[in-house]
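Position one of the sequence shown corresponds to residue 7 (our numbering), numbered consecutively onward. In this text, a Cβ means the ideal position worked out from N, Cα and C, and glycines have one as well. Quick caveat: nothing in here was measured; it's all calculated off a predicted structure.
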Amino acid sequence: MQTLGAKLRSTRESKGITLEEAHKKTKLSVNVLRALEEDNLSSFSPIYVKGFLKIYAKFLGIEPSNLLQEYNKVFTKQQNTTEVKKEQYVHNKESISIKKRSLDLRLKLFHISPKVRIYLVRIVLAFVLVFFIILGINFLKNIFSKVSKTLTTKKQTVVKIKEEAIKETAKPKSSSLKSTNQEEKKQSTHLRSEASSLVRIGLKARKDTWVQIKVDGKNVFQGTLRKGSVESWQAKNKIILSVHNANDIDLDFQDKQLYPLSHKKQAMKNIVFTKEGMSTQ
Numbered sequence: 007m008q009t010l011g012a013k014l015r016s017t018r019e020s021k022g023i024t025l026e027e028a029h030k031k032t033k034l035s036v037n038v039l040r041a042l043e044e045d046n047l048s049s050f051s052p053i054y055v056k057g058f059l060k061i062y063a064k065f066l067g068i069e070p071s072n073l074l075q076e077y078n079k080v081f082t083k084q085q086n087t088t089e090v091k092k093e094q095y096v097h098n099k100e101s102i103s104i105k106k107r108s109l110d111l112r113l114k115l116f117h118i119s120p121k122v123r124i125y126l127v128r129i130v131l132a133f134v135l136v137f138f139i140i141l142g143i144n145f146l147k148n149i150f151s152k153v154s155k156t157l158t159t160k161k162q163t164v165v166k167i168k169e170e171a172i173k174e175t176a177k178p179k180s181s182s183l184k185s186t187n188q189e190e191k192k193q194s195t196h197l198r199s200e201a202s203s204l205v206r207i208g209l210k211a212r213k214d215t216w217v218q219i220k221v222d223g224k225n226v227f228q229g230t231l232r233k234g235s236v237e238s239w240q241a242k243n244k245i246i247l248s249v250h251n252a253n254d255i256d257l258d259f260q261d262k263q264l265y266p267l268s269h270k271k272q273a274m275k276n277i278v279f280t281k282e283g284m285s286t287q
């Protein structure tokens, strides 16, 4: 058996009519037409539903009286179900009230005087206080024991370090140690000379801004430098910098901070950094 909404939908689809076309001809909203076809009529008043059914039935060429009879049957069933639910709700409410009354009677039977209640509360509070005092004492004991252990271990390590230092000072310095120290010094001076011969810049973004970096003719970075991020580059010959907003960038050139790159909000292109200094093309 087809429902009321299924009949409406099947007749509309058999005639090749869309919901939009039905909406334009009947002046009923698409939501109302969809609700009629899906039997979602509980949110509407029965008076409005009957009017909607008459208009839609005439448009589809269906006898309105047949649809209204079917709707009345469905509506009476819904009314009966709602009445049954109401009766169940009233019955549940009465049972809850009866349970509450029985509880009240039990409480009255086991009624305790106010003085006794005060004494009981005091006793419970005293037990709770003693319990927390014991917990605090144990906690403090554990902390003191851990602190004493750490102090003793530190003293032992200090004594060992002192003894080892005395032993090392007592030993004669060998020529091998001198040679290794000289090699380390040579390596460090070599690294410093290499670092000084390179061109180095560092950027720190105050805000999100677009940046382009070219190192020795190669495009190594092009994109947005996020707020708070710090980046650095180095080159053998030159570095070319282009920035969308120079006021949003702090510059570090050859480990010397030029802060900020500009005091105005302006785009700067092709800022060249070489060993001789900074220039613009």
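Assigned secondary structure, residue 18 (DSSP; H/G/I helix, E/B strand, else coil): helix
C-alpha gap between residue 49 and residue 68, whole angstroms: 24 angstroms
Please work out which residues of its chain come closer than 6 angstroms, Cβ to Cβ, to residue 214, disregarding the five sequence neighbours upstream and downstream, and give them in chain order. 230, 232, 233
**Prompt:** Going along the chain, which residues of its own chain have a beta-carbon closer than 6 angstroms to the beta-carbon of residue 266, five neighbours each way excluded?
**Reply:** 256
N- and C-terminal bounds of the alpha helix (DSSP H) containing residue 244: Residue 244 -> not in any alpha helix (DSSP H); beta strand (DSSP E) instead, spanning 244-249.
Which of helix, strand or coil does DSSP assign to residue 26?
helix
Find the nearest neighbour of residue 240 within the set 253, 41, 260, 165, judged by alpha-carbon distance.
-> 260
Looking only at C-alpha atoms, which of 46, 207, 26 sits nearest to residue 247? 207
* Asked: Just to confirm, are residue 227 and residue 236 a CB contact at a threshold of 8 angstroms?
  -> no
Return the bridge partner residues of residue 123 from the DSSP annotation.
-> DSSP lists no partner for residue 123.
_Rounded to the nearest angstrom, what separates residue 145 and residue 262 at their Cα positions?_
53 angstroms
request  = Alpha carbon to alpha carbon, how far is residue 107 from residue 129? Give it in angstroms, no decimals.
outcome  = 31 angstroms
- Item | Exposure label - residue 251; buried when at least 16 CB within 10 Å | buried
Check: Are the beta-carbon atoms belonging to residue 24 and residue 65 less than 8 angstroms from one another?
Finding: no
(message) Using the three-state DSSP reduction, which class does residue 186 fall into: helix, strand or coil?
(response) helix
According to DSSP, residue 237 sits in a beta bridge with which residue or residues? 209
Within 10 Å of its beta-carbon, does residue 62 have 16 or more other beta-carbons around it, so buried, or fewer, so exposed? buried
query: Going straight from the alpha carbon of residue 242 to that of residue 278, what length do you get?
result: 13 angstroms
Same chain, Cβ closer than 6 angstroms to residue 212, neighbours up to 5 away in sequence not counted: 254
- prompt: Straight-line CA distance for residue 152 to residue 159?
  reply: 11 angstroms
* Does the Cβ-Cβ distance between residue 18 and residue 28 come in under 8 angstroms? -> yes
- Given residue 210, which residues of its chain have a CB within under 6 angstroms of its CB, disregarding the five upstream and five downstream residues? 236, 256
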